[in-house]
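Trainee:
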Amino acid sequence: MRASYAFADAWHLDAAPEAVRDVLVDLERYPEWWPQVRAVASLGPDEAWVVCRSTLPYTLDLVLRAVSRELPVLEVAVAGDLRGTVRFRLARRTSGRCCVSSRRSACPGCSGPGPRWSVRC
Numbered sequence: 002m003r004a005s006y007a008f009a010d011a012w013h014l015d016a017a018p019e020a021v022r023d024v025l026v027d028l029e030r031y032p033e034w035w036p037q038v039r040a041v042a043s044l045g046p047d048e049a050w051v052v053c054r055s056t057l058p059y060t061l062d063l064v065l066r067a068v069s070r071e072l073p074v075l076e077v078a079v080a081g082d083l084r085g086t087v088r089f090r091l092a093r094r095t096s097g098r099c100c101v102s103s104r105r106s107a108c109p110g111c112s113g114p115g116p117r118w119s120v121r122c
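When the letters of the sequence shown are read in order and numbered with the working numbering, they come out as residues 2 to 122.
(1) How is the beta strand (DSSP E) around residue 109 delimited, first residue to last?
(2) Whole angstroms is fine: what's the gap from residue 125's alpha carbon to residue 58's?
(3) According to the neighbour-count rule (16 or more other Cβ atoms, all chains shown, within 10 Å of its Cβ), is residue 45 buried or exposed?
(4) How about residue 18 and residue 108: are their beta carbons less than 8 Å apart?
(5) Compare the Cα-Cα distances from residue 92 to each of 73, 5 and 67 and report the closest residue.
(6) Okay, do the segment 77-85 and the segment 53-69 touch, 3+ Cβ pairs below 8 Å being the bar?
(7) Could you check whether residue 52 and residue 39 sit closer than 8 Å to each other, using their CB atoms as the reference points?
(8) Identify, in the order they occur along the chain, each residue of the same chain with its Cβ nearer than 6 Å to the Cβ of residue 1, setting aside the five sequence neighbours on each side.
(9) Would the beta-carbon of residue 65 be found less than 7 Å away from any heavy atom of the ligand NAD?
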């Protein structure tokens, strides 16, 4: 049986949901604001190869594919060293701030479809 992981976060940002969505769907600019994202290469209008490295000594090769880019829910399918989904729910608060709820579920996986060069087992 494979291990699986689920994570949930929430952020409150001084920005409109539309502006937050524009940043979240622009994968090629992730390294500018997300330090763990080391490299991004576009594979098409809705797909990108992403290299991540955190404080753990692991580098993850991932292929992200946009499933939904429409507010209020953004969804991405993840393949490569991890397989799963990421969902962002964006809500406008009465204060004008944006609340971003994030849910990520993944399992380690090198099986299934995906570019062979994006997977290191």
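We put the beta carbon where it would ideally sit given N, CA and C, even for glycine.
Mentor: Based on what the coordinates show:
(1) Along the sequence shown, read from residue 1 onward, the residue named residue 109 stands at position 108. For residue 109, the uninterrupted beta strand (DSSP E) segment begins and ends at 99-109.
(2) Residue numbering for the chain in the displayed model covers 2 to 122; residue 125 lies beyond these limits and cannot be assessed.
(3) Here residue 45 refers to the residue found at position 44 when the sequence shown is read from its first residue. By the neighbour-count rule (16 or more Cβ atoms within 10 Å), residue 45 is not buried but exposed.
(4) Here residue 18 is taken as the residue at index 17 of the sequence shown, counted from 1. Here residue 108 is taken as the residue at index 107 of the sequence shown, counted from 1. Not closer than 8 Å, so no.
(5) Here residue 92 refers to the residue found at position 91 of the sequence shown. Of the listed residues, the one whose Cα sits closest to residue 92 is 73.
(6) Three or more pairs of CB atoms, one per stretch, sit closer than 8 Å, so the segment 77-85 contacts the segment 53-69.
(7) Here residue 39 is taken as the residue at index 38 of the sequence shown, counted from 1. Here residue 52 is taken as the residue at index 51 of the sequence shown, counted from 1. Closer than 8 Å, so yes.
(8) With the chain covering 2 to 122 only, the question about residue 1 has no answer from this structure.
(9) Judged by which ligands are present, the structure shown has none, so any question about the ligand NAD falls away.
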